[in-house]
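Student: Have a look at the structure that comes next, please.
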Amino acid sequence: EDAFDVSQTNGILAPWKIKIKTKAGEKFPEIVGYKYSEPGEDELEAKEPPKGTEDYIRYVFGDHADEALKVAYCESKFRAKAVGGLGERGVFQLHPIHRARIAKLGLEWDDMFNAHRNTDVAKILFDEQGWGIWSCHIAL
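In this note's numbering, the protein residues as written are 254 to 393.
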């Protein structure tokens, strides 16, 4: 098991700096700590991410945590295994239209049933497109 820092090269949380652990044969590394990094910032404040879904959402979304919690609750009531009528998956009910984007991030569609992976992808989509892609944005 190795732990190392990756910055903007992991294909998932750029522009996040993350600390990950890998195990031999593991398809996707475990994220053990990360924080948003401002341009020119070098230090990583690695700490164990929260285990609970709501705390993890707060951890990932930072200043937008209250909004993210409202959207996630409205979409799935924080249920990681939730499936919507159009095949949406997970806590943030990510729509199948995002499958190609998810694949480009190095993830499988089934990974969206993992609350942390789902939240990570939701944050990326939010940063790119805002809350408008979620039907529950009306809860804000």
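Every residue gets a Cβ at the ideal spot worked out from N, C-alpha and C, and that includes glycine.
Only a predicted model underlies this, so the values are computations on that prediction, with no experimental measurement involved.
Name the two residues that bound the continuous alpha helix (DSSP H) containing Glu-381.
Tutor: On the sequence shown, residue 381 is found 128 positions in, with the first residue counted as 1. 368 to 382 is the span of the alpha helix (DSSP H), which, as asked, contains Glu-381.
Student: Quick one: give me the first and last residue of the alpha helix (DSSP H) that Phe-314 is part of.
Tutor: On the sequence shown, position 61 is the one that residue 314 refers to. Counting along the chain, the alpha helix (DSSP H) containing Phe-314 begins and ends at 306 to 314.
Student: Here's the rule: buried if 16 or more other CB atoms are within 10 angstroms of the residue's CB, otherwise exposed. What is Lys-376?
Tutor: Counting from one through the sequence shown, the residue named residue 376 turns up at place 123. Answer is buried; the Cβ neighbour count reaches 16.
Student: Can you look up Arg-354 in the DSSP assignment and give me helix, strand or coil?
Tutor: Counting from 1 along the sequence shown, the entry for residue 354 is found at position 101. Reduced to three states, the DSSP call for Arg-354 is helix.
Student: May I have the straight-line CA-CA distance separating Ile-391 from Ile-350, to the nearest angstrom?
Tutor: Your numbering for residue 391 matches position 138 in the sequence shown. Your numbering for residue 350 matches position 97 in the sequence shown. Approximately 20 Å, taken between the alpha carbons.
Student: Let me confirm a value: Leu-360 is counted as buried when at least 16 other C-beta atoms fall within 10 Å, else exposed. Which label applies?
Tutor: The residue labelled residue 360 in the question sits at position 107 within the sequence shown. Classification for Leu-360: buried.
Student: Can you name, in chain order, every residue of its own chain whose Cβ lies under 7 Å from the Cβ of Pro-303, other than the five neighbours on each side?
Tutor: Taking the first residue of the sequence shown as 1, we reach residue 303 at position 50. If we look at Pro-303 and ignore the five residues flanking it on each side, its Cβ neighbours are Tyr-309 and Tyr-312.
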